[in-house]
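Chains A, B and C, in that order, are what the protein sequence lines are.
Start counting the first sequence at 1; every next residue gets the next number (the working numbering).
Start counting the second sequence at 235; every next residue gets the next number (the working numbering).
Start counting the third sequence at 568; every next residue gets the next number (the working numbering).
Structure first, commentary second.
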Amino acid sequence: MAEVLLSTHGLKAGYGDFQALFGMDVALNRGEVLALIGANGAGKSTLLKAMTGLVRCQPDMVRFKGEPIGGQRPDRIARHGIAMVPEGRRLFRSLTVEENLVIGGERARKGAWTLERIYALFPILNERRKNPGTALSGGQQQMVAIGRALMANPEVILFDEISLGLAPVVIKDIYAALPAIVESGISAILVEQDVSRALAVSNRFACVQEGKVSLAGTPSQFSRAEITAAYFGT
Amino acid sequence: MSFRIERFTPASRATAIVALIALAFLVAAPWLTGRANIRLLGEMFSFLALASLWNLLAGYCGLVSVGQQAFVGFGGYMLFALAIFLGFDPLLAIPVAGLLGAVLAIPVGTLLFRLQGAYFAIGSWVFAEVLRLSFAQVSSLGGGSGASLPTSVVTGIASNREWREILIYWTGLALAVAVLLIVIALLRSKLGLALTGLRDSEIASESLGVNSWLTKMTVYVSVAGLTTMIGSFIFLQKLRISPDAAFSVNDWTAYVIFIAVIGGIGTIEGPIIGTIIFFLLRETLADLGTTYLLVLGALAILVMLKAPRGVWGLISERSRISLVPVRRQVRFD
Amino acid sequence: MDWINAIVQGVLLGGLYALFAAGLSLIFGVMRLVNIAHGDLIVLAAYVALVVVEATGLHPLLSAILVVPVMAAIGYGMQRFLLNPTIGKDLLSPLLVTFGISVILQNGLLIGFTADSRRLSAGALETASFEPVTGLTLGVLPLAMFIMSVLVIFLLDHVFFHTRLGRAFRATSDDGEIAQLMMIDRRHIFAMAMALSLGVVAIAGIFLAIRTNFDPSSGPTRLIFGFEAVIIGGLGNLWGTLAGGIVLGVAQAIGAQISPGWQILAGHIVFFLVLAVSPRGLFPKMD
């Protein structure tokens, strides 16, 4: 039985009067990639935000290694070893590429991921390291965002829509980095619109619909038709 | 399913009746109470009006000004200039001064709106300082030491003192009532709807065709004109003006902000409650002098931290009452 | 030669204005907060320096050793307890809290120190001067203060662009939400920004106390001068702010040459001219 690293328990959360999650149960085991699939507005991003503290929730609704962390400040949750690659990259525009990477790790514990190793993974970033982060192409920005998360040497990385708005060739490059990340001992949750791609790289998946998990398991456990049904709620 | 859109509630009808009764008493006040109280009421009217106008600007429009003393002082000086140089009847000079204040606000607003976010606040203050320093250079209005309204002008309002004071008092009452009604009417109009939209989401409202700049400018200019009129009234009551008194940030902005903050920013009722609290505090704590101001400052901070919607916010949250509803409610029959 | 002298004095005074401005600008840059009490805090620092000098007999310039940490600590506490709870909701709440702080400071100082105007004496240094070219007299003290002002701005610029703290400032300013995911505690970073701002304010207050008379009501004018220097120079650019301070100082000096009543007014007019002609300031940030 694998150790459960990060889990939610009957997670309810939302923005002001608008509730987006209605009792969400998800668990990420150590060493695995969990794909979160679901239509737009199903609650995937809200789930990641609740896990990172950007959206408030009750303490025991999110647990990390069994300890309740729900509702803690985002910077405290990050210190537990949970990093995120946010939707839309959101690089710091007044920081250079290198500063964007450095700031990801300078408050974290040291580990295998260093500036040199990020540059080895994405050599193009080394060439552009003095540029402002936002002067890069979308794909290169995504590499910076991934590198920024890796610099914290986290135990978990939450990837939110990493292929959104990128050209297919670029997406391939980004996904090519995933095995190296997993091999370094990092577990991942992958929120992805492209269901086939997500299922191809993940050990398990959870399908989210209207703020709840409608289907969960390993990709081989279900037929495509079953997954599609859970996705659209038909 | 049938429905109607309502703005009036039973509470608001009751308010209207109570307000009318109160108004009747206020009109008759000169025969009901002494001269000192009449002066005090006149002062309350001006602060009520100034606070309502500031509240419209800051609470509904997001334009936090700490420079409204510019228009108060300008109004005072215009009253004196129009009456002394052009022989205007002082009561007639008030609306004319208001018009001039509104016209002045157009170029000033155009410049100040270029300032980012809260820097608008300090910019508005600089403008007030420009006026203060400029009027101190006008020697025909007494320069830095100021001037008094000549007796001939004063007696022109009414020959005996009693009627003069009653007329000035009624002018103040009329101005305060007019300001309140205008603010309410403005918030209930299409402009008010645009303001609410801009407050919630500027981008969304602009995409729906709301011109943010023009909407805010309209409010800024209207508020400036009305503030100028109140300024004229204040110095008609005082009969004496000087640059430091006319453009005092303490008197015409700090107190006004306290009134709005303590009463409740972003509500119609707030400034009314705030004015009453402010004058109660002033009449009981004024002996403390400087300490009184210290208390006011601390109170304002406390309110901002613990109850940002002010005293009225606390009351209406508990009772869910809105005495002067500006929102529309959909009722299903 | 009177004019050249006046302009040179204006430039030197501009250094002080840039110090007024730098702290204001830093706070706005990091958390979009406009601190209405900024000028009153400068005056508070001047009084703290006064107390320190009277109690210890230190030279006013050396009093910075105590005044800077005291003011920085005040800044940290003020941000943590009074301002942080209001930040992020809207512009109004933090602005009005600083307004309340301004009123409290002015009246608190009035109670503690009366309305009498005070001044710090810098001793023999005050009258020392030299003549680099015939007819042009430079005071040693104003020149030294100008050089120190430039140094402070250089240091501030260095902190902002080349340190871990500065990176956190910029990241928080760019995207406060994501900065938190970098383990940055926003409450602490904001408080550090205010502490740094008031550290600069401390030096500005000491210089102010040496240069001119001050009293509890001197604050607002200093806030306005600092603000004008920021806007004239252009937002988000400390060297622009220095230039803005100098432009303001020179404008005031020229105004004063025309007529004493025009000194302050001339500065305000230049401010409105810049706003009319180049709303992003004379030296806008390149981006």
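C-beta atoms are modelled at their ideal positions from N, C-alpha and C, and glycine is treated no differently.
Please check the pair isoleucine 475/B and glycine 547/B, which I expect to be a contact at CB under 8 angstroms, by giving their CB distance rounded to whole angstroms. The pair is not a contact, with the Cβ atoms about 37 angstroms apart (cut-off 8 angstroms).
In terms of residues, what are the limits of the beta strand (DSSP E) holding aspartate 25/A? 18 to 29
Answer with yes or no whether the minimum CB distance from proline 787/C to chain B is below 8 angstroms. yes
Short Cβ contact (8 angstroms threshold) for methionine 143/A with leucine 125/A: yes
Taking just the CA atoms, how far does glutamine 302/B sit from leucine 765/C? 28 angstroms
Would you report the Cα separation of leucine 287/B and glycine 406/B, rounded to the nearest angstrom? 15 angstroms
When you check each C-beta in the stretch 743 to 755 of chain C against every C-beta of chain A, which residues fall closer than 7 angstroms? Glu744, Ile745, Gln747, Leu748, Met749, Met750, Ile751, Asp752
Helix, strand or coil, according to DSSP, for methionine 84/A in the structure here? strand
Start-end ranges of the alpha helix (DSSP H) lying completely within the stretch 90 to 138 of chain A, minimum 4 residues: 97 to 105, 115 to 121, 123 to 127
Alanine 758/C touches chain A at which residues, Cβ-Cβ below 7 angstroms? The premise fails here: alanine 758/C is roughly 14 angstroms from chain A at the closest Cβ pair, so nothing lies under 7 angstroms.
Is any beta-carbon of chain B found at less than 8 angstroms from that of alanine 573/C? no
Distance cutoff 8 angstroms, beta carbons only. Does arginine 731/C sit that close to anything in chain A? yes
Euclidean distance between Cα positions of arginine 117/A and proline 154/A: 15 angstroms
At 7 angstroms on the CB atoms, spell out the chain C contacts of glutamate 106/A, in chain order. Arg731
Cβ-based neighbour list, alanine 534/B, same chain, cut-off 8 angstroms, excluding 5 preceding and 5 following: Ile491, Phe492, Val495, Ile496
Using a C-beta cutoff of 8 angstroms, does aspartate 854/C count as contacting chain B? In this predicted model, aspartate 854/C has a pLDDT of only 47, less than 50, meaning its place in the structure is not dependable enough to derive any value.
So if DSSP puts glutamine 209/A in a beta bridge, which residue, or which two residues, is it bridged to? Lys212/A
Per DSSP, what kind of secondary structure is threonine 653/C in: helix, strand or coil? helix
Going by DSSP in three states, alanine 35/A sits in which element: helix, strand or coil? strand
Below 8 angstroms on C-beta distance, what does threonine 808/C contact in chain B? None at all; the shortest Cβ gap to chain B is about 13 angstroms.
Residues that DSSP places opposite lysine 12/A in a beta bridge: Phe22/A
Near-chain B residues of the stretch 640 to 665 of chain C (beta-carbon distance less than 7 angstroms), N- to C-terminal order: Leu649, Pro652, Thr653, Leu658, Leu659, Ser660, Leu662, Leu663, Val664
Please return the same chain residues whose Cβ sits closer than 7 angstroms to the Cβ of glycine 596/C, not counting the five positions on each side in sequence. Ser740, Gly803
When the distance is taken between beta carbons, is leucine 650/C closer than 8 angstroms to alanine 292/B? no
Less than 8 angstroms between the C-beta atoms of valine 469/B and alanine 480/B, yes or no? What sits at residue 469/B in the sequence shown is phenylalanine, not valine. A contact, by the Cβ cut-off of 8 angstroms.
Run through DSSP, which three-state label would valine 767/C get? helix
Does tyrosine 353/B come within less than 8 angstroms of chain C when only Cβ atoms are used? yes
Chain C within 8 angstroms of methionine 84/A, Cβ atoms only: yes
Using the beta-carbon count (16 or more within 10 Å), is serine 669/C buried or exposed? buried
So what's serine 446/B in DSSP terms, helix, strand or just coil? helix
Can we say the stretch 791 to 806 of chain C touches the stretch 579 to 595 of chain C, given the rule of at least three CB pairs closer than 8 angstroms? yes
Decide if aspartate 683/C is buried, meaning its Cβ has at least 16 other Cβ atoms within 10 Å, or exposed. exposed
First through last residue of the beta strand (DSSP E) which encompasses glycine 706/C: 703 to 706
With 16 other CB atoms within 10 Å as the buried threshold, where does valine 857/C fall? The requested residue 857/C is not part of the displayed model; chain C covers only 568 to 854.
Name, please, each residue of chain C whose Cβ falls closer than 7 angstroms to the Cβ of proline 505/B. Within chain C, no residue comes near proline 505/B; the closest Cβ sits about 15 angstroms away, beyond 7 angstroms.
Output, in chain order, the set of chain C residues within a Cβ distance shorter than 7 angstroms of proline 68/A. Under the 7 angstroms cutoff, chain C gives no residues; its nearest Cβ is about 19 angstroms from proline 68/A.
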